[in-house]
Every structure is written in structure tokens, then in C-alpha cells.
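Sequences listed follow chains Z and P, in order. Heads up, the first sequence is in this note's numbering, so the first residue is 22 and it goes up one at a time. Heads up, the second sequence is in this note's numbering, so the first residue is 22 and it goes up one at a time. Beta carbons: idealized from backbone N, C-alpha and C, even for Gly. Each remark here refers to the structure printed beneath this line.
Protein chains: 2
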Amino acid sequence: MKKYLFTPGPAPVPPEVLLEMAQPLIHHRTPEFSVVLDSARERMKPLYGTRQEVILLTASGTGAMEAAVTNLLQPGEEAIFVNGGKFGERWGKLIEAHGGVAREIKVEWGRAVRVEQVAEALRAYPRARALFVQASETSSCALHPIEPLGALTRERDVMLVVDGITSVGVIEQKMDAWGIDALVTGSQKALMLPPGLAMIALSERALERMKKNRAPRYYFDLRRELKAQCEEHITAYTPAVGLVFGLRKSLELILAEGLPQVFARHELMARATRAAGVALGLGLIAPDNPAPGVTGLLAPEGLDTGKVVRAMRDRLGVSVQGGQDQMKGRLIRIGHMGHMGPLDVLVVIGALEIALKQLGHRFASGAGVAAAQAVIESWN
Amino acid sequence: MKKYLFTPGPAPVPPEVLLEMAQPLIHHRTPEFSVVLDSARERMKPLYGTRQEVILLTASGTGAMEAAVTNLLQPGEEAIFVNGGKFGERWGKLIEAHGGVAREIKVEWGRAVRVEQVAEALRAYPRARALFVQASETSSCALHPIEPLGALTRERDVMLVVDGITSVGVIEQKMDAWGIDALVTGSQKALMLPPGLAMIALSERALERMKKNRAPRYYFDLRRELKAQCEEHITAYTPAVGLVFGLRKSLELILAEGLPQVFARHELMARATRAAGVALGLGLIAPDNPAPGVTGLLAPEGLDTGKVVRAMRDRLGVSVQGGQDQMKGRLIRIGHMGHMGPLDVLVVIGALEIALKQLGHRFASGAGVAAAQAVIESWN
Numbered sequence: 022m023k024k025y026l027f028t029p030g031p032a033p034v035p036p037e038v039l040l041e042m043a044q045p046l047i048h049h050r051t052p053e054f055s056v057v058l059d060s061a062r063e064r065m066k067p068l069y070g071t072r073q074e075v076i077l078l079t080a081s082g083t084g085a086m087e088a089a090v091t092n093l094l095q096p097g098e099e100a101i102f103v104n105g106g107k108f109g110e111r112w113g114k115l116i117e118a119h120g121g122v123a124r125e126i127k128v129e130w131g132r133a134v135r136v137e138q139v140a141e142a143l144r145a146y147p148r149a150r151a152l153f154v155q156a157s158e159t160s161s162c163a164l165h166p167i168e169p170l171g172a173l174t175r176e177r178d179v180m181l182v183v184d185g186i187t188s189v190g191v192i193e194q195k196m197d198a199w200g201i202d203a204l205v206t207g208s209q210k211a212l213m214l215p216p217g218l219a220m221i222a223l224s225e226r227a228l229e230r231m232k233k234n235r236a237p238r239y240y241f242d243l244r245r246e247l248k249a250q251c252e253e254h255i256t257a258y259t260p261a262v263g264l265v266f267g268l269r270k271s272l273e274l275i276l277a278e279g280l281p282q283v284f285a286r287h288e289l290m291a292r293a294t295r296a297a298g299v300a301l302g303l304g305l306i307a308p309d310n311p312a313p314g315v316t317g318l319l320a321p322e323g324l325d326t327g328k329v330v331r332a333m334r335d336r337l338g339v340s341v342q343g344g345q346d347q348m349k350g351r352l353i354r355i356g357h358m359g360h361m362g363p364l365d366v367l368v369v370i371g372a373l374e375i376a377l378k379q380l381g382h383r384f385a386s387g388a389g390v391a392a393a394q395a396v397i398e399s400w401n
Numbered sequence: 022m023k024k025y026l027f028t029p030g031p032a033p034v035p036p037e038v039l040l041e042m043a044q045p046l047i048h049h050r051t052p053e054f055s056v057v058l059d060s061a062r063e064r065m066k067p068l069y070g071t072r073q074e075v076i077l078l079t080a081s082g083t084g085a086m087e088a089a090v091t092n093l094l095q096p097g098e099e100a101i102f103v104n105g106g107k108f109g110e111r112w113g114k115l116i117e118a119h120g121g122v123a124r125e126i127k128v129e130w131g132r133a134v135r136v137e138q139v140a141e142a143l144r145a146y147p148r149a150r151a152l153f154v155q156a157s158e159t160s161s162c163a164l165h166p167i168e169p170l171g172a173l174t175r176e177r178d179v180m181l182v183v184d185g186i187t188s189v190g191v192i193e194q195k196m197d198a199w200g201i202d203a204l205v206t207g208s209q210k211a212l213m214l215p216p217g218l219a220m221i222a223l224s225e226r227a228l229e230r231m232k233k234n235r236a237p238r239y240y241f242d243l244r245r246e247l248k249a250q251c252e253e254h255i256t257a258y259t260p261a262v263g264l265v266f267g268l269r270k271s272l273e274l275i276l277a278e279g280l281p282q283v284f285a286r287h288e289l290m291a292r293a294t295r296a297a298g299v300a301l302g303l304g305l306i307a308p309d310n311p312a313p314g315v316t317g318l319l320a321p322e323g324l325d326t327g328k329v330v331r332a333m334r335d336r337l338g339v340s341v342q343g344g345q346d347q348m349k350g351r352l353i354r355i356g357h358m359g360h361m362g363p364l365d366v367l368v369v370i371g372a373l374e375i376a377l378k379q380l381g382h383r384f385a386s387g388a389g390v391a392a393a394q395a396v397i398e399s400w401n
């Protein structure tokens, strides 16, 4: 049975990238590898909207999140984090794991944090040294507004640290213009790679903070990585060589397509998926601020979405994800990131219709695929 | 831009097969290769519905067609061929190229040959030594009835030679039960491989005919190949080693899915494609006897299908084929063979809708994908 991957990461890897990674390995302390590393890092900059250096880490996205915490916050220091889902919550856990004092802004899953909430928290915790937030909260399929948060934090000595794991390469990120101090992402989403690489860039003032920061750190010590990658053109520790080759290739494909086109394609896939969900009588978890990389559809009353996910995967070969934590059984998360086109939405919605019908959910047959088609017919 | 392959061959190759073929080559005169060759040939038998030996040739399907002609017909001998399209016509060219006397049964593109037409030709040409026909005529997307033709030829000293290039692995073929004397196919269709391998099997009486046949032949001399492959477990000449490895793997996948399931899947994809075509106001070239491996949709009046094919490929990344020869510009041929599932029909129909709309054809938006979805919702 043919398999289709529509999870919110890992996302499909293009054949060009698979072939690139299948080449014989080279050693990572060679001029040949330095060329690849430099070029991959350079090609990340437009996706970040930054002139700063983008540093590669051999880790998954959580590793880069940890690097942001340990390089910008010291034990005993306060930090505010936006908890609108599983990954927001993870910021809190990381802050506390490293001895920081975590101040939570609780946001209902699927909602965007309100700028006023953040302004209030900054007033309530004047000693906070950083604000940790997701650009796109993968668990709740919602976007948080980053640009206005930057307007708040840039006036203060508060670092704005953004998890861009399901937003970099999906929507425009203007790190420099918006005043983001640290932006992290991972390889297995819109960057069209297997998991195993993470990226982080720091603003000028974050670099200053990092230099003075005395928090214990070693593998994720960005002082060392910056020196290695920017001055010596190697990594401090053994990198995932194949993934770095793959990254250079996937960024070549992304930049050749053109970032405006890439963003528009993701937006169209997301709109088509949402339209289909509504046509099938499913609610949207984030109707007002939906993430363009992953769409969250709410289960009909009384239907465990775990069953929908299993039916789609086991009987139709189509992988999507259910909800995490409090949304377990109540959410269907459909990823549409990376090596995918609007027409693929028809496949995942076609499968969703079959699974829903088999599980007794009532809707007008074909309404989902027709709604998706109505959206994507504007493509090209 | 992501690419999608819906041509009537080559058809998509599963990743498992690509990986199998990507392995380091071995030499072809080794016990290791003999194991692979034997196993690939053995696994072909259920697809052919035969206990006879299936011989591999390093050639495309036309090579196996030529082998059938030169091993079963001698210069000066008469043969009847069914010409219902480009590949039927090719039988005639092959017969004549080798000095045979070709007696044509002309069939309108899209129609099946009538059994009575064949019976009549057999009466009209009592010296005919063979009947050449397609099981599925790829150019006209139509099936010919093989079983009743076998009932006619088995009573006479007339070999029934069948081109199964787009039927083997798509629909059931009962070579032995139906009295097929030679059945040929190629690797790049339902066998889920790149082009480069062809297969042929001969009935007992065809083997007798072959032994006595004095037609000039060398590379396609099946006497030599049968001895090499069946007795020495090697090929007479250097084989496409990687493709033979791939064939063993693809047949493993096909037999694991189960032939009844494979045939049902192809039938469902074909039904969904035809339903979508009708819903979009397109005619079917073969309404009464459509091939389950490739569907032929007729252009709306005044629309050059070459434009549709180009719009789908260049703007949407979806490859289908136009018509050949007399149907050039008038036919859209959508392949649905091999590593493909019913949900994929939504992709090709979604793309067809977008292209048709851009080219000014009027239809109810979404009608095609909805009609396809209505058919495939019975899947699994």
C-alpha cells in the first residue's frame, strides 16, 4: 500500500534531497565540507529574515530551544513564556530545568496570545530577562503574533526568543525587522529534511547577552559554535554530515521556487484544508489565527480522533496526527509543509472522508474534496 | 514544484524498488544473480496465469513483441493482426519487417475487436499461422476480449500472441486456461519498474513451433534464452542486472498485496477516473470496454488536448499523456498503474479541472473530484 505523509513533521523529503543525502560521506574537517556548511548557513538567512549568522546544531528542534535558554538566561533569572500548547509548555520546562524562574502566560489552545497579555506580564514581572514564545504552536495549530511582541520587547532588556519550528519556511519571518533576538527551527518541517538538524540565530544584543551568560552549557554553547562555524567554517562537534548536504540542497530548491511562492503555496494548502474541514462539519481549533503549516480539525461530538487517525493510516496509508495532551482524541492535525502541493490536500481530505464515513460521521459525501478543490483551483 | 506521474507508462516506482535497484551491482554470471533471476521469473507466473517459464529480455516491450514474431512466424508465412490502435498497428509492422504476410483486422480506436470479426478473418485466411492482438491497447485505452479469441485459435494451428504490456499486473491474465500461446509484457507499467526489461512466455505448442522456426534471429532467439534461463539459470546476454533485482522486489510487493487486491485497486482507480471525466463533460474513448490501466478522455469540441497536457505538466507538475497518431490533440490519457492508490486519482483530476478551467472549458467546479471521491469512498 502506497504511503502518504501528512504529519506536522516529519514532512515529505523531495527525491533531490534524498539523492543528495545518499551520496558517499565525506569527513567534516575538510575544505569540501566547509563549502557545504557555509552555503547551507548562508541560504538559511532569507528564511529567517536576518543578516545574522544562522548556526546549525546536530539535534532536533528541542535542542535549539534548549540552546536559546542556556545561552540567554542564567540560573535564578526570570523569564516569561507563552503557554498556548505543548511546545509553549516546553519553554517553561526548559527554563525551570536550567534554574530559571518561569512566569507563565496561559493561553487557551488554539488561541493567539494577546499583545495586551504580554504587555501586562512585562509590567507584572519587570525583572523578566526574556520572553519565550512559538511563532506557530504545532500542538494547537495556531499562530502567535510575533511582530507586535517584538515592538514590546525591543524597548526593554528582554530577549524575544521565538520557536519557529513550524513557521520558518512556511510563513515570512522577519527576524531583524521585527526585533526577534533568537529564532530557532528544525530540519523536519518546511525545510524538507529528515529530523536531526536544528538552527538558531541570535540578534546583536542576544550575542552580547550570550557572551556574558554564565549558565552551564557545553554541547549547546553557542559561543563555541559561532566561533567554529563563522570563523573556522567547521562545527564544534561532529555534525550530521548527510543532513547538512541535504539542507544545502533543500534550500536550493526552496530559493529556486522563490520564498513568496513557497509562502503562498503553504497558505493555499492550509486554506484548502480548513475549507474541507468546515465542509465536513468539523470545527477548527484555531479559526482566527490558524497556522499555515498544520491545520487542526476538531472531532465531531462523541468521535475519538485516534480512531480516525488509525483508520486513515492502517487502511488507507495516509498518516496524519491526533491531538497531544489535553487535545488527545479530540483533534486531527494535518500537516501541509514542505515537499507538497495544493493537489495533495485532495488526497488527505479524500482519505479523511472515507475514514469519517466508516466511523459513522454524517456529512455530504464528497463535500470535503469539493471544498478543497474550490480553494486550490486558483493555483497557478 | 512537486512532480506527479500519471502517464500510461512509465508509472511510478515504489521507494522499496528504487532502493533495491540502488544497491551495488553484482556480476550476472554468479550463483547470487541466478537466485535473483530464478525468483523474479518464478514470481511472474501468477501474473501471467501460467505454469510455463517466463523469460526475461533486456529490452523494452517492443523487443518482446519482436521476439514473439521472429520465434513463431517465418518469412512468407501469413498472420492476422488486430489493429485497434498504435500498438496493434505495430504488430503489422513487425510481421512485415520480418517478411511475413500481415492480414489486418481494422478496429475503430476505442472499440474492442468483435469475436466474429476474428472468426471471419480466420476463415478468410486459412493459411494464417498466428493471431496477434493487444489485451489492452494503450493508445486507445481499450480492452480486447482475449478469452474468446483463445477459444477460436486453440482449435486451429494458429498461435494466439498477446501484448499484455498494459494488462499484466492490472487485470487477471489466464494464459494457460485461455489458450494464449505467447504473452509479452514490459517492466515500466504495472510491474512498477523503470523501462528496460520485457517478458515473454510461450505455450507448449508455441515452444514446438519455436524450435522448428527458421526465421533469422539472434538477440531475441528464445531457444537460446530458454536454455540459458531455465537450464543454466543465467541469461544468454548481459541482462539489466539492477532491473532484475528491482523486478524481484516489485513482484514481492505485488504478491504480498495479493493479486485480487491489486486488480481491484486498478479497477477502482479506472472507475473513479472515468466517473470524473464524465462529470467534467468529457467523453470516454472506450465506454464499453475501457482498459483498467489507462483511461482515455475525449477533448471537448475545439480544445486541443495537447494544451491540457502541457498546462497540467508545466503549471501543476502533473504528467499525463495526450493522444497518439490520429488521436493527437483529441485525447487525454491518464495512466493509473502500479504504485498508486485510488486517492491519487483525486490529484490528477484536481489538476485536470484546473487546466480545463484555465483553457475555458465550462463545467461545474469540483464535479470531477467529487465524482472520483464518490467512487473511491468504497475503498478499504
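Determine the contact status of residue i and residue j, defining contact as a CB-CB distance below 7 Å.
i        : j        : result
ILE353/P : GLY131/P : no
LEU94/P  : GLY121/P : yes
GLY65/Z  : MET220/Z : Checking the sequence, you will find Met at residue 65/Z rather than Gly. Yes.
ALA163/Z : ALA257/Z : no
GLY343/Z : THR316/Z : no
GLU158/P : GLY105/P : yes
VAL191/Z : THR206/Z : no
ASP160/Z : GLN345/Z : It is worth fixing the name first, because residue 160/Z is Ser in this sequence and not Asp. In contact: SER160/Z and GLN345/Z (Cβ atoms closer than 7 Å).
VAL368/P : LEU46/Z  : no
ASN10/Z  : ALA133/Z : Any question about residue 10/Z goes unanswered here, given that chain Z covers just 22 to 401.
ALA151/Z : VAL183/Z : no
ASN401/P : ARG336/Z : yes
ALA236/P : THR91/P  : yes
LEU293/Z : ALA393/Z : Reading the sequence as shown, one finds Ala at residue 293/Z and not Leu. Yes, these two residues count as a Cβ contact at 7 Å.
VAL38/Z  : MET213/Z : yes
GLY338/P : LYS114/P : no
To the nearest angstrom, how far is the alpha carbon of residue i from that of residue j?
i        : j        : result
ALA172/P : PHE153/P : 15 Å
SER208/Z : ALA388/P : 38 Å
SER55/P  : GLY267/P : 14 Å
GLN347/Z : ALA80/Z  : 27 Å
ALA12/Z  : GLU110/Z : Nothing can be reported for residue 12/Z, as the shown portion of chain Z is limited to 22 through 401.
ALA300/Z : LEU68/Z  : 33 Å
LYS107/P : ALA320/P : 19 Å
LYS248/Z : TYR240/Z : 14 Å
ALA376/P : LYS378/Z : 30 Å
ALA145/P : VAL103/P : 14 Å
LEU303/Z : ILE370/Z : 12 Å
ALA391/Z : VAL366/P : 14 Å
VAL34/P  : GLY97/Z  : 57 Å
ALA227/P : LYS349/P : 37 Å
PRO259/P : LEU78/P  : Note on residue identity: the sequence assigns Thr, not Pro, to residue 259/P. Near 10 Å, if we compare the C-alpha coordinates of LEU78/P and THR259/P.
ARG18/P  : ARG286/Z : This structure does not reach residue 18/P, given that chain P is present from 22 up to 401, and the question cannot be answered.
ASP202/Z : THR174/Z : 9 Å
PRO52/Z  : VAL262/Z : 13 Å
THR28/Z  : TRP199/Z : 29 Å
ARG230/P : MET86/P  : 16 Å
ALA296/Z : VAL396/Z : 8 Å
Under 7 Å, Cβ to Cβ, is there at least one residue of chain C near residue i?
i        : result
LYS328/Z : Judged by its chain identifiers, the structure shown contains no chain C, and its protein chains are Z and P.
Please check the pair residue i and residue j, which I expect to be a contact at CB under 8 Å, by giving their CB distance rounded to whole angstroms.
i        : j        : result
LEU170/P : VAL136/P : 7 Å
GLY298/Z : ALA211/Z : With 8 Å as the limit, GLY298/Z and ALA211/Z do not qualify as a contact, their Cβ atoms being about 21 Å apart.
SER340/Z : TYR25/Z  : 7 Å
Would the C-beta of residue i count as close to the ligand MN, meaning under 6 Å from any of its heavy atoms?
i        : result
PRO281/P : Among the components of this structure there are no ligands whatsoever, and the ligand MN is therefore not found.
For this session: Output, in sequence order along the chain, the residues in the stretch 367-394 of chain P whose CB is closer than 7 Å to any CB in chain Z.
Result: The residues in question are LEU367, VAL368, GLY371, ALA372, GLU374, ILE375, LYS378, SER386, GLY387, VAL390, ALA391 and GLN394.
Exercise. What residues in the stretch 253-287 of chain Z have a beta carbon less than 8 Å from any beta carbon of chain P?
Worked result: Hits within the stretch, in order: GLU278.
For this session: Mind listing, in chain order, the continuous alpha helix (DSSP H) runs of no fewer than 4 residues lying wholly within the stretch 265-313 of chain Z?
Result: List check, alpha helix (DSSP H) in window: 280-300.
For this session: With 9 Å as the limit, tell me which residues of the stretch 356-367 of chain P have their beta carbon closer than that to any beta carbon of chain Z; keep them in chain order.
Result: Residues passing the 9 Å Cβ filter: HIS360, MET361, GLY362, PRO363, LEU364, ASP365, VAL366 and LEU367.
For this session: Report the residues of the stretch 331-352 of chain Z with a CB closer than 8 Å to any CB of chain P, ordered along the chain.
Result: The stretch 331-352 of chain Z vs chain P, Cβ under 8 Å: ARG336, LEU337, GLY338 and VAL339.
Exercise. When you check each C-beta in the stretch 92-117 of chain Z against every C-beta of chain P, which residues fall closer than 8 Å?
Worked result: Taking 8 Å as the Cβ-Cβ cut-off against chain P, none of the residues of the stretch 92-117 of chain Z qualify.
Exercise. Going along the chain, which unbroken runs of the beta strand (DSSP E) with 3 or more residues stay wholly within the stretch 103-163 of chain P?
Worked result: Entirely contained in the stretch 103-163 of chain P, the beta strand (DSSP E) runs reaching 3 residues are, in chain order, 122-127 and 149-155.
Exercise. Considering only residues of the stretch 163-229 of chain Z, which uninterrupted beta strand (DSSP E) runs meet the minimum length of 3 residues and lie entirely inside it, listed in chain order?
Worked result: Those beta strand (DSSP E) runs which fall completely within the stretch 163-229 of chain Z and span 3+ residues are 180-184, 203-207 and 219-223.
For this session: With 9 Å as the limit, tell me which residues of the stretch 211-240 of chain P have their beta carbon closer than that to any beta carbon of chain Z; keep them in chain order.
Result: Answer set for the stretch 211-240 of chain P: empty.
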